[in-house]
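Down below is the structure, laid out as structure tokens.
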Amino acid sequence: MVPELLVLSLNVKGLNSPRKRRLLFRDLKRKSAGIAFLQETRMPRTAAYRLGARPYGRVYTSCALPKRNGVAIALHDSCPLMVEEIHTDTMGRYLLVKGRVATRWYSLLSVYAPNGSDASFWRELSSFVAGHARGTLIVGGDFNATLCPPLDRSTSPRLASPHALSSQDRQFYSFVTDHQLCDVWRLHHPSVKDYTFYSAPHSSYSRIDYILVSSDCMPLIITSRIGSITWSDHADVSIALQPLYKGGEGRRWRLDPILLQQPGIRTRVKDSLTEYFALNETPDVSTAVLWEAHKAVTRGVLISQAAYRKKEKLKDILTLQTKLRTQELIHKAAPEEASYLLLSQTRTDLNRLFIEDAGRALLWSKQRYFERSNKIDTPLARKIKPKYKSNQIAKIVDKQGVSHGTPKEIRDAFTAYFAKLYHHTPSHNDSNRTLQADIEGYLTKSSIPHLNEQQIAALDSPFTEEEIREVVKELKPNKAPGPDGLTGQYYKCFANSLVPRLCTMFNSLRGGGGLMPEALLASVVLIPKPGKDVQGIDNYRPISLLNTDLKILAKLMALRLGPMLSTLIHPDQVGFMPGRQAFENTRRAADLIWWARSRKVPSLFLSLDAEKAFDRAEWPFLFRLLERAGLPESFLALTRALYAKPMAQILIPGTDPTPFPIRNGTRQGCPLSPTLFAIFLEPLMRMIRADGDIRGFLVGGQQFKVSAYADDVLLSLTDPEISLPALMSQLTKYSQISGYKININKSMILPILVPARMLQALTREMPLQISASELPYLGIKLTWSP
1 MVPELLVLSL
11 NVKGLNSPRK
21 RRLLFRDLKR
31 KSAGIAFLQE
41 TRMPRTAAYR
51 LGARPYGRVY
61 TSCALPKRNG
71 VAIALHDSCP
81 LMVEEIHTDT
91 MGRYLLVKGR
101 VATRWYSLLS
111 VYAPNGSDAS
121 FWRELSSFVA
131 GHARGTLIVG
141 GDFNATLCPP
151 LDRSTSPRLA
161 SPHALSSQDR
171 QFYSFVTDHQ
181 LCDVWRLHHP
191 SVKDYTFYSA
201 PHSSYSRIDY
211 ILVSSDCMPL
221 IITSRIGSIT
231 WSDHADVSIA
241 LQPLYKGGEG
251 RRWRLDPILL
261 QQPGIRTRVK
271 DSLTEYFALN
281 ETPDVSTAVL
291 WEAHKAVTRG
301 VLISQAAYRK
311 KEKLKDILTL
321 QTKLRTQELI
331 HKAAPEEASY
341 LLLSQTRTDL
351 NRLFIEDAGR
361 ALLWSKQRYF
371 ERSNKIDTPL
381 ARKIKPKYKS
391 NQIAKIVDKQ
401 GVSHGTPKEI
411 RDAFTAYFAK
421 LYHHTPSHND
431 SNRTLQADIE
441 GYLTKSSIPH
451 LNEQQIAALD
461 SPFTEEEIRE
471 VVKELKPNKA
481 PGPDGLTGQY
491 YKCFANSLVP
501 RLCTMFNSLR
511 GGGGLMPEAL
521 LASVVLIPKP
531 GKDVQGIDNY
541 RPISLLNTDL
551 KILAKLMALR
561 LGPMLSTLIH
571 PDQVGFMPGR
581 QAFENTRRAA
591 DLIWWARSRK
601 VPSLFLSLDA
611 EKAFDRAEWP
621 FLFRLLERAG
631 LPESFLALTR
641 ALYAKPMAQI
651 LIPGTDPTPF
661 PIRNGTRQGC
671 PLSPTLFAIF
681 LEPLMRMIRA
691 DGDIRGFLVG
701 GQQFKVSAYA
711 DDVLLSLTDP
721 EISLPALMSQ
731 LTKYSQISGY
741 KININKSMIL
751 PILVPARMLQ
761 ALTREMPLQI
771 SASELPYLGI
781 KLTWSP
């Protein structure tokens, strides 16, 4: 069931302080606010990028040049609104965000009105709304005015006429009536007196914070409320809406990083692990079943403990909130010094509970900066990096040109696309004898090197607990886990119980054992490619979030295979190779360009664009290649266990994922994947080097043709009329048996002293992109000019 959507409005009284930003987002998260209207943020435009924190990755702001005014709208990642347009003013007084949920349009408006009569402001705001709003309008703001003074202002001896209708009140009332807006809270509480702001100088309360909606929104509203004044001097106003979209929740459990730091939690989990393994570690239960079932038991313990502690903390908060609410009502009815002091003390006690987590985070940050103060590290880079921003996908266009706008449609479109990509050639399987013969012939010609006996013995030896402990020690404790939700912190905390069982299970896989299907399921998050159209379905990089235990196994295998890579992989490949650096290839490319220019050698530098290179690698070719390279059967069995009917599921906020099978590719996000891909690409590199018709630069008795960093391949070719057709022939042969595919029309060449007529003839047959002056490669721009 999809939960209701909470819409909240609050005057935050400045967010320049990191502490206040933490308080804000923790408060929003605790209240499960889906949409938050914020006023008086007081953040300059140059600092607005700091406003954002998980899970509020979409924060839209309107700022003034000085640190005053300022409004914002924050959307939770699960909010189904797909933002289409954003409109702001220049003074940081109002902001409109417009978007769709399925086919229905919504306009969200956050307003911070001047503190005093300003007819021009209200005229401009009215014109702004009329010109930009579309569909259902929801307005949240601090209007510094009331709609009904007798009900919305308390009496005060310091105010001559507290119930008189001020000029600002009349302008506000005209704005509301002109746009046919409804005061939600007043409609739900027609005769109740309650307030959102207390003015200490006037000893008076007023209701100047509102959520207003257009009439078509009223049927969606479930409840409305005014909160208490806590860490801000305004109370929050909120409404609960029915779900705007009836899709799945798309939520998944993961271990709370704070939970294991709570007293007594580790002891409870350790005791449950000891009891579980004592009862179930029997000869008739396979190691894979035993291991996978223990996760369910542990999750149950962790969930129950988290629920209990959350319930206890919530109980304390609710007790204080009830006490605060009672004291507020007493003070609102009769503002006196004694009741105000009691109210302030309760507010302080409540804020202490709210800032507990923020304080813990600050202590951790101070410790980290102290420890690394004199070391070359990344604190500064993290400090200046923009805050977390959501990668929520508003719309996607599939390969047939059909647009998809709802979360369910987007999920289904991506699932269909990647299901086809990960099984792009069904006929290429182990039973295809013609394919097997072609692979055998190609690998024979490519002369793949073979590991020596000492290297084979090192790969063939059983795993030890010490090896596994070293890998566990290096795990990042809170890195995003796979579908099981168990982070590296869990394995670090309970290594004494878990490592011996992991060792037993991993060694059983060496003999041909298998893993449970749940262990091979990966959650896939989609990262947009820089500079690409975010609506293109093929412009996203799929990153697989694997279960941590699977990543431990893959890391163990990568560490064992690492020292052997210098035997299997030519120095031209520098990507993820121990002891090799990317600058080796960029330096070489720059030197070769200088060589060609200084010796007036007509040449081409060609950057190949591989289509989903990691994802298209076919397993029949890969596994036969690993056999030919001399990897022992035990290591091959481990690799097959990792790729034995794996499944993937695309994570799209607002929907439940749909698993689909994977039949080819090396999963990005797997520690072993870069190593496997480098081995996978090596036969092509060898065939290019061995082909006499593909001519490179002969310098110092050595020929240079190819440079690679994983799938980023750069060719340096002389005699283009002969070399280029021969290269395309080699690429075609390799593609037919391996699945590797080059986008010719996206690959780019940098010609050096090539006659224009020759270049036109070559690109007529092969539609390569021509760069007249520079060629991007590994983050730098290679240029042929001095």
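Its first residue numbered 1, the sequence shown is counted upward by one per residue in full-length UniProt numbering. Note that beta-carbon positions come from the ideal geometry of N, C-alpha and C, so glycine has one too. Quick caveat: nothing in here was measured; it's all calculated off a predicted structure.
Determine the extent of the beta strand (DSSP E) in which residue i is found, giving its start and end residues.
i, result
"residue 614", "From DSSP, residue 614 is part of no beta strand (DSSP E) but of the alpha helix (DSSP H) over 613-616."
"residue 40", "Residue 40 -> no beta strand (DSSP E), and no H or E assigned at all."
"residue 787", "Examination of residue 787 is not possible in this model, given that the chain is present from 1 through 786 alone."
"residue 555", "Careful: residue 555 lies outside any beta strand (DSSP E), inside the alpha helix (DSSP H) at 548-561."
"residue 603", "603-608"
"residue 197", "197-199"
"residue 525", "521-528"
"residue 781", "780-783"
Looking only at C-alpha atoms, which of the options sits nearest to residue i?
i, options, result
"residue 63", "57, 49 and 53", "49"
"residue 242", "5, 575, 341 and 551", "5"
"residue 788", "608, 698 and 721", "No answer is possible for residue 788: it lies beyond the span of the chain, which begins at 1 and ends at 786."
"residue 775", "751, 465, 757 and 755", "751"
"residue 411", "438, 654, 516 and 85", "654"
"residue 309", "349, 337 and 259", "259"
"residue 351", "700, 176, 76 and 22", "22"
"residue 721", "714, 757 and 392", "757"
"residue 132", "525, 148, 96 and 402", "96"
"residue 214", "715, 681, 226 and 105", "105"
"residue 659", "502, 416 and 447", "416"
"residue 53", "37, 81 and 18", "18"
"residue 535", "57, 82, 72 and 71", "82"
"residue 401", "151, 537, 689 and 567", "537"
"residue 546", "530, 525 and 699", "525"
"residue 349", "240, 320, 337 and 255", "320"
"residue 490", "256, 452 and 544", "256"
Which residue marks the beginning of the alpha helix (DSSP H) containing residue i, and which one marks its end?
i, result
"residue 276", "265-280"
"residue 100", "No alpha helix (DSSP H) contains residue 100, which is instead part of the beta strand (DSSP E) from 94-101."
"residue 789", "Residue 789 is absent from the model: the chain starts at 1 and stops at 786."
"residue 493", "488-493"
"residue 580", "Neither: residue 580 is in no alpha helix (DSSP H) and is coded neither H nor E."
Pick helix, strand or coil for residue i, following the three-state DSSP scheme.
i, result
"residue 308", "helix"
"residue 207", "coil"
"residue 587", "helix"
"residue 738", "helix"
"residue 142", "strand"
"residue 623", "helix"
"residue 84", "strand"
"residue 236", "coil"
"residue 404", "strand"
"residue 375", "For residue 375, the predicted structure reports a pLDDT of 49, less than 50, and the residue's modelled location is therefore unreliable. A value from the coordinates is still provided. It is coil, neither helix nor strand."
"residue 136", "strand"
"residue 534", "coil"
"residue 63", "coil"
Roughly how far, in whole angstroms, is the beta-carbon of residue i from the beta-carbon of residue j, given that I think they are within contact range, below 8 Å?
i, j, result
"residue 272", "residue 297", "6 Å"
"residue 471", "residue 492", "At roughly 11 Å, the Cβ-Cβ gap does not stay under 8 Å, so residue 471 and residue 492 are not in contact."
"residue 589", "residue 707", "6 Å"
"residue 226", "residue 237", "6 Å"
"residue 67", "residue 42", "5 Å"
"residue 742", "residue 418", "With a Cβ gap of about 20 Å, residue 742 and residue 418 do not count as contacting."
"residue 253", "residue 485", "4 Å"
"residue 467", "residue 556", "6 Å"
"residue 7", "residue 71", "With 8 Å as the limit, residue 7 and residue 71 do not qualify as a contact, their Cβ atoms being about 15 Å apart."
"residue 37", "residue 116", "No, residue 37 and residue 116 are not in contact; Cβ-Cβ is about 22 Å, not under 8 Å."
"residue 147", "residue 183", "6 Å"
Taking all protein chains shown into account, do 16 or more other C-beta atoms lie within 10 angstroms of the C-beta of residue i, making it buried, or fewer, making it exposed?
i, result
"residue 427", "exposed"
"residue 796", "Any property of residue 796 remains undetermined from this structure, which presents the chain solely from 1 to 786."
"residue 25", "buried"
"residue 564", "buried"
"residue 594", "exposed"
"residue 80", "buried"
"residue 522", "buried"
"residue 705", "buried"
Under 8 Å between C-beta atoms, does residue i make it to chain C?
i, result
"residue 103", "No chain C appears in this structure, which consists of one protein chain only."
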